[in-house]
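Numbering (my numbering), first residue to last: 3 to 332. A virtual CB, placed ideally from N, CA and C, is assigned to each residue, including glycine. Just so you know, these numbers come straight off a predicted model, no measurement behind them.
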Amino acid sequence: MREIVVFSGSAHPELAHRICTALGVPLSESVTSRFSNDCLQAQLLANCRQRDVYIVQPLVPPTQDSLMELLLMVDAARGASAAMVTAVIPHFAYARSDKKDASRISLGGRLVADLIATAGVDRVITMNLHAPQVHGFFSVPVDHLTSLGELASHFRGQDLAGTVVVSPDLGNAKDATQFSRLLGLPVAAGSKKRLGDDRVVIDSIVGDVTGRRAIVLDDEIATGGSIVELLDRLAEHDVAEAAVACTHGLFAGRAVERLRSHPMVTEVVTTDTVPPPAAWPELRVRSVAGLFAEAIKRIHEGESVSSLFDGVDPMHAPPRQRSLFDGVGG
């Protein structure tokens, strides 16, 4: 079987080290240089010839640099005669640019997917896309992992009596519903209208939250505006406290200040798909390195990746459908 070689871009080398530790392989070295004209150059310092190369790089700020570095590393691996190149993108930032909701607007999600495929990627591994339809933008196979099981594990040891799972918007309600099933809890969702990048209005709550404790679940927290707006609406329904959970904790702008100082927030839980903020020791970070390592192992050995999520999320591991050929030849 071909050898696995793992490289990391500069966006999140700590996660790459954890993945390699779980895989039992070393993290191979690479160098990214910036020229005086601001152009980047990537060099891989390990043999890639006829190896299966995995490049770990979430698209985090500075997002354009992270993306360009990933493309250059993929190009370097392809030029070094790698047998297969897989981009491991724990956070795909451009998933939020997934639809034509204004005149003459760019569709960044599809464009970036095309750039990654054109650079020479054979496969993509990602986690909790902001818009699941972005999966279909790629012309190469995509393994779409979920962190719901890992986040649910954090809450299972707690007393959850009188608790409800709440999604900030109806778009995330499907994940919130599955998360609530993992914990045996009811679910509710906010009806949200976005006015700008960090300005939202939640005008109502769908579901019974009155007097309950809340677990607010979102796929991504950037500025925290949606979460704070939701907490204000929950307070109007006599919700006194809430835990906040998300997959991608970007915590940009005033997000850390907003969430740390909010009187209703009892804890904030996220994963290590992106680097956590340094000045937030109370933040609970669950590692998904083991999930990515197991996915890489299964891809390398030709095994099912979706079975990782049996019993966790039917969207990622759907039950087997009946076939016209069931029973034939039996």
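- Listed as beta-bridge partners of Cys248 by DSSP are Asp220.
- Three or more beta-carbon pairs drawn from the region 285–293 and the region 141–158 are found closer than 8 Å, and the two stretches are therefore classed as touching.
- Contact annotation: Gly164 and Gly213 have beta-carbon atoms nearer than 9 Å.
- Ranked by Cα distance from Ala44, the options Gly173, Leu73, Leu187 are led by Leu73.
- Met129 sits in a strand when the DSSP states are folded into three classes.
- Annotation: the continuous alpha helix (DSSP H) that includes Arg158 extends over 150–158.
- In the structure shown, Arg215 adopts extended strand secondary structure according to DSSP, grouped into three states.
- With a beta-carbon spacing of about 6 Å, Thr148 and Asn130 fall inside the 8 Å limit used to define contacts.
- Looking at the backbone, the Cα of Asp100 and that of Ser108 are separated by about 9 Å.
- Fewer than three pairs of CB atoms, one per stretch, sit closer than 8 Å, so the region 126–145 makes no contact with the region 257–266.
- Excluding its 5 nearest sequence neighbours in each direction, Ile223 has C-beta neighbours in its own chain below 7 Å: Ile229, Cys248, Gly251, Leu252, Phe253, Ala257, listed in chain order.
- In this structure, DSSP gives Asp145 an extended state, which the three-state scheme calls strand.
- In the structure shown, Gln43 adopts extended strand secondary structure according to DSSP, grouped into three states.
- Under the DSSP assignment, Ala89 falls in the beta strand (DSSP E) whose first and last residues are 86–91.
- DSSP lists Val287 as the bridge partner or partners of Thr272.
- Looking from the CA of Asp145, the closest CA among Ile298, Val167, Ser206 belongs to Ile298.
- Judged by DSSP in its simplified three-state form, Val114 adopts helix.
- For Cys41, the number of other beta carbons within 10 angstroms of its own is below 16, and it is reported as exposed.
- Put simply, the region 302–309 does not touch the region 261–278. Fewer than three CB pairs are less than 8 Å apart.
- DSSP places Ile6 inside the beta strand (DSSP E), whose first and last residues are 6–10.
- One thing to note: Arg51 has its Cβ no nearer than 9 Å to the Cβ of Ala89.
- Excluding the 5 residues flanking it on each side, Gly209 has same chain C-beta neighbours closer than 8 Å at Val166, Val168, Pro188, Val189, Ala190, Ala191, in chain order.
- Residue range 227–237 is occupied by the alpha helix (DSSP H) that includes Ile229.
- Here Ala245 is not near Val287, since their CB atoms are 9 Å or more apart.
- Runs of the beta strand (DSSP E) lying entirely within the region 16–69, each at least 3 residues long, are 32–36, 42–46, 54–58 in chain order.
- Residue pairing by DSSP places Gly192 opposite Ile207 in a beta bridge.
- Nearest Cα to Ile127 within the set Trp282, Pro28, Thr275, Gly227: Thr275.
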